[in-house]
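*Asks:* Take a look at the following structure, please.
In this note's numbering, the protein residues as written are 716 to 822.
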């Protein structure tokens with residue numbers, strides 16, 4: 716009976732072409748996008764942007780901390796769209812959602 720040598724988690728996640736590499740790449744891209752959008756907004760508003768993700772259909776989904784902050788972010792939709800297009804030219808529209816209290820990163 717042969718035994719396989721255990722692999723470290725980082726080896727599984729970051730192995731080029733590995734099963735988790737695409738997931739890690741998408742998470743890193745979402746983090747870069749979120750950070751870029753926050754930096755483009757006034758600090759008080761940027762702090763209320765919980766996460767951003769680009770969907771395959773070109774929709775930028777932005778998660779706000781509350782419905783009040785979501786309304787403020789909707790007023791900044793043109794600025795968010797312009798900023799996102801600098802990172803990903805295929806962005807076609809912005810959708811602002813309220814992050815759920817139990818899972819602020821869900822969307």
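Don't be surprised by glycine CBs; every beta carbon is placed ideally from N, CA and C. Note that the structure is predicted; figures quoted are calculated from it, not measured.
#1: Take the Cβ of residue 748 as the centre, count every other Cβ of all protein chains shown within 10 Å, and call the residue buried at 16 or more, exposed below.
#2: Less than 8 angstroms between the CB atoms is what I'm expecting for residue 776 and residue 768, so what's the real figure, rounded?
#3: CA-CA distance, residue 797 and residue 740?
#4: Ordered along the chain, which non-local residues of its own chain (more than five positions away) have a Cβ less than 7 angstroms from that of residue 751?
#5: Straight-line CA distance for residue 718 to residue 736?
*Replies:* Quick answer:
#1: buried
#2: 5 angstroms
#3: 23 angstroms
#4: 798, 802
#5: 25 angstroms
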